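Colleague:
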Amino acid sequence: MVPPRPPRPVQPQRLALAALALLAAGGVVSSCSRQRGDQLRLGAGIALTGNAGLLGQDARTGLDLAQGHYADRAPGLELQLEDTGSDEAGATVAFRRLINAKPVAILGPSLSQQGFAVMPMADRAGIPVIGVSTTAEGIPQIGPFVARVASPVTVVAPLSLAKAVQLHPGIQRVAVFFAQDDAFCTSETQIFQRAIRAKGLELVAVQRTSVSDTDFHIPITNVLRSRPQLVVISALVSDGGNLVRQLRELGYSGPIVAGNGLNTPNIYPVCQRHCDGLMITQAYNPKLDNASNRTLLAGFRRGRAADAVPPQVTAQAFTAYQVVHEALATLKGSLPQGTTLTSLPLPELRQRLLKTLLAGTYQTPLGQLRFTPEGDVLQRDFSVARVQMNPDGRSGRFVQLP
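Heads up, the sequence shown is in the numbering used here, so the first residue is 1030 and it goes up one at a time.
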């Protein structure tokens, strides 16, 4: 694997959606809605470079699709996208830019580790900040202006473990790997480990790794001496994909459960044919039949295969944009006739947006969503998927298990 690039400073530019070449170069996009009337700025801080860059690219796709879909619908939104990189320093720089741009709300960041560092900045500024893929425990508790559309790891993680035990009832011995330098991974592994013990399984090894690791031969060799029948991994795309590949290359043939950090097709080029059989809980089911998911699928498949499936993070990013836009539209409808959103003082607009957003019910690509008063998402539908690789060993799909 090529070592991750550090986040690059980038300057906001106003571009048409078609100017995707600048996006590929890691630039910043501010895309204007074609809707006349209220024009509001929406910020987004997403990891486009570094270890989480692959997840961030998925999120960027979802934002692009949402921006295109809502371009002709009031209120008009100008999307300002900033690259947070994959660490706290990059996220801090990006969020400072976004806060200074005076947006009505901010979407992001990509990682919970970054969220704990920068969501307090938005909260102190009184800006609603909506986590797209920040699933660690404690995110909504950061402050009153913090919410998320990504279901918490406490809900998601145990489901894939339960499915693995159901499919392999003889499992007793479980080994765990987790990236110790990522807040989400350390949170997720605690949930996994509690679930393992709650099922009466024996935790035979707990191996710490790093998101920057590429060679896992020594830790894998040590863990395999404990003869695990199931391996559970909490890591990000690059390190986690390499870990899966090297586990198989070193002879481990049992089931592997992966956490949300590997929940993207971007793992396929990393672990290649060895991704096959990986089990992951999914908050997004492409078979969901509602208007929002049909819109997402149609947009995603434009220029792709007719049966192409958006990654979960793409659906989550689309959803984050959707709930903000719908909440703003609802708020606009509640104002006296002739009153515009932009006529409200910005601090008041943000407060009223947050209140409206948390009170709403939304039909999204993730299914029906509501929010707790604290800003945590309430989602009803989940599934566990198994990775099924194609014969080329470099492409595949997530197949929902019954």
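Glycine included, each C-beta is placed from N, C-alpha and C at the ideal position.
For clarity, every value in this text was computed on a predicted model and none was experimentally measured.
Taking contact to mean 3 or more Cβ pairs, one atom from each stretch, closer than 8 Å, check whether the region 1268 to 1277 and the region 1232 to 1249 are in contact.
Modeller: Yes, the region 1268 to 1277 is in contact with the region 1232 to 1249.
Colleague: Just how far apart, CA to CA, sit residue 1130 and residue 1393?
Modeller: Taking the first residue of the sequence shown as position 1, residue 1130 is located at position 101. Taking the first residue of the sequence shown as position 1, residue 1393 is located at position 364. Spanning the two alpha carbons is a distance of roughly 28 Å.
Colleague: Starting from residue 1084, follow its DSSP beta bridges and name the residues at the other end.
Modeller: Residue numbering aside, residue 1084 sits at position 55 when the sequence shown is read from its first letter. Paired residue(s): none; residue 1084 is not in a bridge.
Colleague: Can you give the Cα-Cα distance for residue 1417 and residue 1157, rounded to whole angstroms?
Modeller: In the sequence shown, the residue the question calls residue 1417 occupies position 388. In the sequence shown, the residue the question calls residue 1157 occupies position 128. Cα-Cα distance, rounded: 39 Å.
Colleague: Who are residue 1111's beta bridge partners in DSSP?
Modeller: If you number the sequence shown from 1, residue 1111 lands on position 82. 1074, per the DSSP bridge assignment.
Colleague: What do you reckon, is the C-beta of residue 1391 under 7 Å from a heavy atom of the ligand ZN?
Modeller: Ligands in the displayed structure: none, and consequently the ligand ZN is not present.
Colleague: The alpha helix (DSSP H) with residue 1223 in it runs from where to where?
Modeller: To locate residue 1223, count along the sequence shown from 1; it is residue 194. Element bounds for residue 1223: 1212 to 1227.
Colleague: Does the Cβ of residue 1192 have 16 or more other Cβ atoms within 10 Å, making it buried, or fewer, making it exposed?
Modeller: The count along the sequence shown starts at 1 and reaches residue 1192 at position 163. Label assigned to residue 1192: buried.
Colleague: Measuring only the C-alpha atoms, how far is residue 1345 from residue 1142?
Modeller: Numbered from 1 along the sequence shown, position 316 holds the residue referred to as residue 1345. Numbered from 1 along the sequence shown, position 113 holds the residue referred to as residue 1142. Approximately 18 Å between the Cα atoms of the pair.
Colleague: Does the contact criterion of 3 or more C-beta pairs under 8 Å hold for the region 1317 to 1328 versus the region 1071 to 1079?
Modeller: With the cut-off at 8 Å, the region 1317 to 1328 and the region 1071 to 1079 do not touch.
Colleague: Taking the C-alpha atoms as reference points, what is the distance between residue 1380 and residue 1146?
Modeller: Residue 1380 sits at position 351 when you count from the first residue of the sequence shown. Residue 1146 sits at position 117 when you count from the first residue of the sequence shown. So the two alpha carbons sit approximately 22 Å from each other.
Colleague: Starting from residue 1128, follow the beta strand (DSSP E) in both directions and report where the run begins and ends.
Modeller: Position 99 of the sequence shown, counted from the first residue, corresponds to residue 1128. Taken as a continuous stretch (DSSP letters only), residue 1128 belongs to no beta strand (DSSP E), being part of the alpha helix (DSSP H) at 1117 to 1129.
Colleague: Kindly give me the distance between the Cβ atoms of residue 1165 and residue 1212, rounded to whole angstroms, as I take these residues to be in contact under 8 Å.
Modeller: Sequence index remark: in the sequence shown, residue 1165 carries index 136 (1-based). Sequence index remark: in the sequence shown, residue 1212 carries index 183 (1-based). 5 Å between Cβ atoms; contact.
Colleague: Note the first and the last residue of the continuous alpha helix (DSSP H) segment covering residue 1245.
Modeller: What you label residue 1245 is simply residue 216 of the sequence shown in a count that begins at 1. From DSSP, residue 1245 is part of no alpha helix (DSSP H); its letter is neither H nor E.
Colleague: Measure how close the beta-carbons of residue 1351 and residue 1391 come, nearest whole angstrom, since I'm counting them as under 8 Å.
Modeller: The sequence position of residue 1351 within the sequence shown is 322, counting from 1. The sequence position of residue 1391 within the sequence shown is 362, counting from 1. 7 Å between Cβ atoms; contact.
Colleague: For residue 1409, I'd like the list of residues in its chain whose CB is within less than 7 Å of its CB, leaving aside the five on either flank, ordered along the chain.
Modeller: Position 380 of the sequence shown, counting from 1, holds the residue named residue 1409. Answer for residue 1409: 1396, 1397, listed in chain order.
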